[in-house]
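Protein chains in written order, with the working numbering: chain A, 1 to 213; chain B, 214 to 426. Note that beta-carbon positions come from the ideal geometry of N, C-alpha and C, so glycine has one too. These notes concern the structure reproduced below.
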DNA sequence: GTCTATAGACGGATAGAC
DNA sequence: GTCTATCCGTCTATAGAC
């Protein structure tokens, strides 16, 4: 035993992974600063002290870089949501879980507008996340539906409703008050409204039924 | 009196207005077919049988064309909302008014994805509606707040909440089921939820008060 | 792996003849 | 008003030397 193996083949792999990391960080920085549309290979390369064609040693195309950013963003969001989860007491009420989840999500979006646009609006000229990149986003969606299930909300239609409420809040927030809280401060109100709605409707639906056995 | 004057100076003005109309129609058609990002002066011009530079006789820049499209879209949306308004009986319940307004709006968005993106998402590379173009969108927003006022909803915060609900429904619909009704069919449910929420909260707020006189 | 050089395409906008 | 010709900028991506 000599050195700490990182993955496949020792140090060159590690060095390579570090360069990839630098490229992605430079891309995030550039996107945040100049907008997602201004992301060009030339500029990314310049930030890591390279010439543009050298990037092709690390990524086969610009789309691959965007895919990597998309996955990176979802991974970071996963960390945020996990830390929210860990900070909650084990017996936290479902209402509180939902409020804190959504609040953290909106905060995550507000922290970087370009990242928000990349991850949550499909509005980038010639790009769509690849299928494998897209899969990386499903874990975070899963966390939302887990929390909803804790609140007794299991109907898929109600999940759709909840995603629409969340998407609407964050979209209005990002578009009209990106650094404020004009919409995000209503998260608690919206969650109450939503849970009351689903609960009371379930109650109504349950009344006519007389048991299935 | 000879001929029907259209605006300033007789026939040349009318002919000019008609060409402008043709240009905008060609632009809508191109955007719907090839996407908003593919809108190029060359392609627009080709569709009206011109060369690209000739467009500069009608618009000073590409941004001016986008502004005109934005205003045109808002004008058409105004027509749609007005016809919904006229079709409603004078004594229609506020709940019904809201449902039909939002349903019509979502239908309008679904009818043309590119138009939706131009009018309602600020996600076009280097363009923002000019201030005067933006003003053309306020009339339609006003219609929503008028209907909300009929339902007793006057608090600005509640208006924000309602725009978030609407924006969320339409965004999810456009992004995930552009030709279906997975979200739009829940408009009635959402309106009920919203109106119940505002009404019951107002009731709670009114209880502790004992009159202001 | 990194570089220089460049291909190849597309974009908005302008000059100036007709 | 419309055209041709063109400027000048952007971009991704590739070829090939080192």
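- Bounds of the alpha helix (DSSP H) holding residue 33/A are 10-34.
- Here the alpha carbons of residue 317/B and residue 244/B stand approximately 22 Å from one another.
- Distances from the CA of residue 391/B to each of 114/A, 193/A, 122/A were compared; the closest alpha carbon is that of 122/A.
- One alpha carbon belongs to residue 180/A, the other to residue 373/B, and they sit about 14 Å apart.
- Listed by position along chain A, the residues whose Cβ is nearer than 8 Å to that of residue 336/B are 117, 121, 123.
- Counting only the Cα atoms, residue 230/B lies some 49 Å from residue 47/A.
- Nearest CB-CB separation between residue 163/A and chain B: below the 9 Å threshold.
- In the three-state reduction of the DSSP assignment, residue 367/B falls in the coil class.
- Going by DSSP, residue 416/B is part of the alpha helix (DSSP H) stretching over 400-419.
- Taking 9 Å as the CB threshold, residue 190/A lines the interface with chain B.
- The beta carbon of residue 73/A lies closer than 7 Å to those of 115, 118, 119 in the same chain, with the five residues before and after it left out.
- Neighbours of residue 399/B across chain A, judged by C-beta separation under 8 Å: 157, 160, 161, 164.
- Close CB contacts of residue 247/B within its chain, under the 8 Å cut and outside five residues either way in sequence, are with 256 (chain order).
- Under the 9 Å criterion on CB atoms, residue 175/A is classed as interfacial with respect to chain B.
- At a beta-carbon threshold of 8 Å, the residues of chain A lying near residue 382/B are 164, 168, ordered along the chain.
- Scanning its chain for C-beta atoms nearer than 6 Å, with the 5 sequence neighbours on each side dropped, one finds around residue 66/A the residues 127, in chain order.
- Straight across, the Cα-Cα distance linking residue 49/A with residue 27/A is about 13 Å.
- Cβ-Cβ distances below 7 Å link residue 129/A to 67, 70 in the same chain, with the five nearest sequence neighbours on each side left out; the list follows chain order.
- For residue 37/A, the chain B residues whose C-beta falls within less than 8 Å of its own C-beta are 338, 339, listed in chain order.
- Residue-level contact check: residue 194/A touches chain B, since one or more beta carbons of chain B fall below 9 Å from its beta carbon.
- Not flagged as an interface residue toward chain B: residue 179/A, since no C-beta distance is shorter than 9 Å.
- Under the three-state reduction of DSSP output, residue 50/A falls in the coil class, being neither helix nor strand.
- For residue 179/A, no alpha helix (DSSP H) run applies, since DSSP gives it neither H nor E.
- Contact between residue 381/B and residue 168/A holds: CB atoms are separated by about 2 Å, below the 8 Å threshold.
- The straight-line gap separating the alpha-carbon atoms of residue 360/B and residue 312/B is approximately 10 Å.
- Taking a contact as a CB-CB distance under 8 Å, the pair residue 271/B and residue 232/B counts as one, their CB atoms being some 6 Å apart.
- Of the residues assessed, residue 265/B falls on the exposed side of the cut-off, its CB having fewer than 16 other CB atoms within 10 angstroms.
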